[in-house]
Structure formats: C-alpha cells, structure tokens
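In the order they appear, the protein sequences are chains D and X. Mind the numbering: the first sequence is residues 31 to 144 in my numbering, read in order. Mind the numbering: the second sequence is residues 268 to 447 in my numbering, read in order. By construction, the Cβ of each residue, glycine as well, lies at the ideal position given by its N, Cα and C atoms.
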Amino acid sequence: MEAPGFRGHAAEAMAVPISATVAPERTVRPEQDEDVRPDRPWVTIVWNDPINLMTYVTYVFQQVFGYSKEKATKLMLDVHQKGKAVVSSGAREQMELDVSRLHAHGLWATLQQD
Amino acid sequence: MARPFRTSRGRLELRLESAEAQLLEQLCGDLLERLGEVDDRSTLDGDPVLGRLFPDGYRDDPAAADELRSLIQSDLREAKVSSATTVLATLAGLPDNGRASLSPEQAAAWLATLNDLRLALGTLLDITDDDDPRFDRSGQGDADPSGQGDPDAADDYDEVAMSVYLFLGWLQSNLVDALD
C-alpha cells in the first residue's frame, strides 16, 4: 500500500477524534434480571469510542435526530467526557430503529430498558 | 494544501490528488471485499473489524442482540456496500484535475464510507487513545496482516497504515466541516 506524504495531515486530524480512554465493557449487570415493568422506557445509548471524530458525531446526532447543533454538541461532549450518553428514549421498536440508524453511521450504539 | 472538500455556490466540490484517489480506490476495494464476507453472525465472531462495523445492538442480552442483528444486518451491509460503490464511481469518473461536484446523496455516501474506512483501519491499528496513536506496536501484533515474524516489516506496515488512517481522518474532518 502506498501512502505518499500523508503525514502532513497528522496534526490536523489528531485534533479531533472523540476519545476513548475507557472502552465499553461487556459485563452482565445483575440488576437487569427480571424487571419488565412496561412503564420503564427504553433508551438508546451511544458509547465513547476512540475512532469517531467529535465533529462527525455531532453531525450525526443532528442528521439522525434533527437535534440542534447545541444539543448535538452537548450529547457528543457527554459521550466524550462521561463515556456514554442517552441520545433518545421511547418505545423499544423506535430505539431499535435509532440504534440501526446510528450503526449505519458507524456510531457505537445500544439500547436498553432504562 | 488545498482542501479536498469545499462548498462553492451551494455545491460540494471535491478535489483530490491522483495519488489520493488511487489510495481511496484501493481502500474501497478492500472494504467491499470485507463486506462481501458478511452474511450471518458467524462471520463476525472473532473479527474485530467486522465486529466494529456491525456492532451488537444490546450489550447485555446476546439473544436480543442476535435477533436485532437478524433484522438489520443485511440492510446495514447493503447500505455500506452502496456507499463504497458510490465512492468508487466518483473516483472512477474523476477527470485529470481531480475535481468533481458531489450531490447530497454522493456526499452522504462519501461521509459514510470514509467513516467505515477509519473504523476498519483504526480497529486494525488498535487505536485506543486520541493522544497517542502508536507507531510502535507493543505486544502481540494480533491484528497485523503483514506480521510474518519480521518485526521490521510489521513496523513499516503500521507506519504506513497509521499515515493512511490520519489521511482518512483529515479527509473526513474536512468533509464534515464542508457539510456543516
């Protein structure tokens, strides 16, 4: 593979990735056992990852959810700084749709009952 | 250096050097090849790149994750294939000056594919921190396609791959700014 002189882009590119000092862990959470009360809403969560650019994540939140730039930026910063953020909530089917749309944009999204 | 993407009179303009276009063409071909391997869940197990391109929708419920995957994975794969194919078509149609106008649909395909390429390459490079992209891989080299027991070859590969990764980040960042 050839890569003629792309090093020059490094400084600009490295200024923007959304960071992931803590990758999502696959752990079973005991409190999730049998609580299936129907009134508990479902939520879509976006997890921090080290590859997606911060500006891109903000852009995707605007595109997928129609959020304002301010709201999208705040959610992106929550993901970046807290490791995750709830980006939408509602019926399970809607959250599965949201997750699939976020996956189509390459974001690391999951849904769960709140 | 000229910006690869810019908005001019309401239209998104692309401008690439020929070497950049050739590199992207190769990367898109590689991506399409990997996407062609995706048919069911079994192909993703143990494959970090495909696992990142097609993540689980549930973290703590494998059965629900599998069920959702069965519902959306095919469409997700088709969308990725379509985007990469669109990018290849743009590249194939580039005139000698490397310039083209992109429709909103083409721009969306470029954005999605640049992101897929970065996810794939970043996963291969085991990117874990935005401050410290490592040119010197510590450890096993488990995701190193060129690693045949020759440490120098592995280092060269990583250095090239990291350069390409940064190039893709620069392109994508530029495209987001142009669309914003």
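Only buried fits residue 438 of chain X, as 16 or more other CB atoms lie within 10 angstroms of its CB. Residue 285 of chain X is not bridged by DSSP to any residue. Listed in chain order, the alpha helix (DSSP H) elements of length 4 or more contained wholly in the region 315-390 of chain X are 315-320, 329-359. With contacts defined as CB atoms closer than 8 Å, residue 354 of chain X and residue 295 of chain X qualify as a contacting pair. At a Cβ-Cβ threshold of 8 Å, residue 83 of chain D and residue 440 of chain X count as neighbours. Under DSSP, the beta-bridge partners assigned to residue 273 of chain X are X/280. In the three-state DSSP reduction, residue 140 of chain D falls in the strand class (E or B).
The region 315-326 of chain X and the region 370-379 of chain X do not touch, with fewer than three beta-carbon pairs separated by less than 8 Å. Using a CB distance cut-off of 8 Å, residue 445 of chain X does not count as an interface residue toward chain D. Bounds of any alpha helix (DSSP H) do not take in residue 98 of chain D, whose DSSP letter is neither H nor E.
Fewer than three Cβ pairs drawn from the region 282-293 of chain X and the region 82-102 of chain D lie within less than 8 Å of each other, which leaves the two stretches out of contact. In this structure residue 279 of chain X is buried. Its beta-carbon is surrounded by 16 or more other beta-carbon atoms within 10 angstroms.
Per the coordinates, the alpha-carbon of residue 328 of chain X lies some 17 Å from the alpha-carbon of residue 311 of chain X. Residues 128, 131, 132, 135 of the same chain have their beta carbon placed closer than 8 Å to that of residue 94 of chain D, with the five preceding and five following residues left out of the count.
Take residue 428 of chain X, set aside five residues on each side of it, and the residues of its chain with a beta-carbon closer than 8 Å to its own are 388, 391, 392, in chain order. Assignment of beta-bridge partners to residue 395 of chain X by DSSP yields no partner. Burial state of residue 370 of chain X is exposed, judged by a 10 Å Cβ sphere holding fewer than 16 other Cβ atoms. Shown here, residue 115 of chain D sits in a strand according to DSSP, grouped into three states. Proximity to residue 289 of chain X across X/361, X/317, X/446 peaks at X/361, based on C-alpha coordinates. Below the 8 Å Cβ cutoff, chain X contributes no neighbours of residue 71 of chain D, its closest Cβ being approximately 16 Å away.
With a contact defined as Cβ atoms closer than 8 Å, residue 443 of chain X and residue 86 of chain D qualify at about 5 Å.
Using a Cβ-Cβ cut-off of 8 Å, residue 130 of chain D counts as an interface residue toward chain X, since at least one Cβ of chain X sits closer than that to its own. Inclusion of residue 143 of chain D and residue 72 of chain D in the CB contact set at 8 Å is warranted, their separation being smaller than that value.
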